[in-house]
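See structure below.
Residue numbers (our numbering): -3 to 215.
What follows is the structure in structure tokens.
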């Protein structure tokens, strides 16, 4: 099961740095850990592809809790243990917290990055407008970048985030450090083809992981 998950991560890393065409002309990215990338891709710091990086917070007058049904999802690092797409959170902020401006709301399509603690570097892609704790940064992509592609790309860069956070005691990826991450980004159409390919591969990988886990359980 662990090996299959590692293989899945390898597939993601290769797709978001090398693309899907093994015969495409390559170029040196100029970034040691990125290596060679397709010649027609743009290599730049993340700030080039996001119009804003915002940080969440914890409402005090209207605290999030698990009993609210009609509130706004409020994501914490604990919600990042499953698929990259985030549609529901364990806690919600009551409507009053949003109306009073106590909680920031990020739009659907934003990319969430855990910026502190043991899960630093965990990535999520918002399917719905949502809020988040102050441990999480929200990236709002420009029109030149698809949020789902950026999320997939960043999911393979956990080690680089930890290095950038200067984790002498506890690593912190603030807004400015997040913008300093290097990424390689193809044209929009290719971004969409890559995310579609990763979705299809993910369905297969998830099925194989479940099958392997079932076999382990039986043994």
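All C-beta atoms, glycine included, are put in the ideal place defined by N, C-alpha and C.
query                                                                                                                                                                    : result
Would you mind stating whether residue 245 and residue 135 have Cβ atoms separated by less than 9 Å?                                                                     : For residue 245 there is no data in the structure shown, the boundaries of the chain being -3 and 215.
With DSSP as the reference, label residue 96 as helix, strand or coil.                                                                                                   : coil
Would you decide whether residue 95 is buried or exposed? Buried here means 16 or more other CB atoms lie within 10 Å of its CB.                                         : exposed
Reducing DSSP to helix, strand and coil, say where residue 77 ends up.                                                                                                   : coil
For the candidate residues 27, 91, 161, 122, whose alpha-carbon lies nearest to that of residue 61?                                                                      : 91
Would you mind stating whether residue 190 and residue 57 have Cβ atoms separated by less than 9 Å?                                                                      : no
In the structure shown, what three-state DSSP assignment does residue 204 receive?                                                                                       : With a pLDDT of only 36 at residue 204, under 50, the local geometry of the prediction cannot be trusted, and no value is derived from it.
Tell me whether the beta-carbon of residue 67 lies closer than 9 Å to the beta-carbon of residue 88.                                                                     : yes
Considering just the uninterrupted stretch of the beta strand (DSSP E) at residue 154, what are its terminal residues?                                                   : Here residue 154 belongs to no beta strand (DSSP E); instead the alpha helix (DSSP H) covers 154 to 160.
In chain order, what residues of the same chain have a beta carbon less than 7 Å from the beta carbon of residue 151, not counting five sequence neighbours either side? : 8, 80, 119
Extract the residue ranges of the alpha helix (DSSP H) inside the segment -3 to 82, only unbroken runs of 4 or more that lie entirely within it.                         : -2 to 14
Compute the beta-carbon to beta-carbon distance between residue 41 and residue 32, rounded to the nearest angstrom, for a pair I have assumed lies under 8 Å.            : Actually they do not touch by this definition, with Cβ atoms about 18 Å apart.
Please classify residue 125: does DSSP put it in a helix, a strand, or coil?                                                                                             : coil
Can you tell which of 138, 52, 111 has the C-alpha that lies nearest to the C-alpha of residue 184?                                                                      : 138
For the ligand ADP, any of its heavy atoms closer than 8 Å to the Cβ of residue 170?                                                                                     : Of ligands this structure carries none, so the ligand ADP is not represented either.
I need the straight-line Cα distance from residue 54 to residue -1, nearest angstrom please.                                                                             : 37 Å
Inspect the beta-carbon positions of residue 4 and residue 195 and report whether they are closer than 9 Å.                                                              : no
Assuming the contact rule is C-beta atoms closer than 8 Å, residue 169 and residue 105 should be a hit. Round their C-beta distance to whole Å, please.                  : Going by Cβ atoms, the distance from residue 169 to residue 105 rounds to 21 Å, so no, they are not a contact pair.
Output the distance between the C-alpha atoms of residue 13 and residue 193, rounded to the nearest integer angstrom.                                                    : 14 Å
How far does the alpha helix (DSSP H) with residue 88 in it reach, from first residue to last?                                                                           : From DSSP, residue 88 is part of no alpha helix (DSSP H) but of the beta strand (DSSP E) over 87 to 89.
Would you say residue 85 and residue 69 are within 9 Å of each other, going by their C-beta atoms?                                                                       : yes
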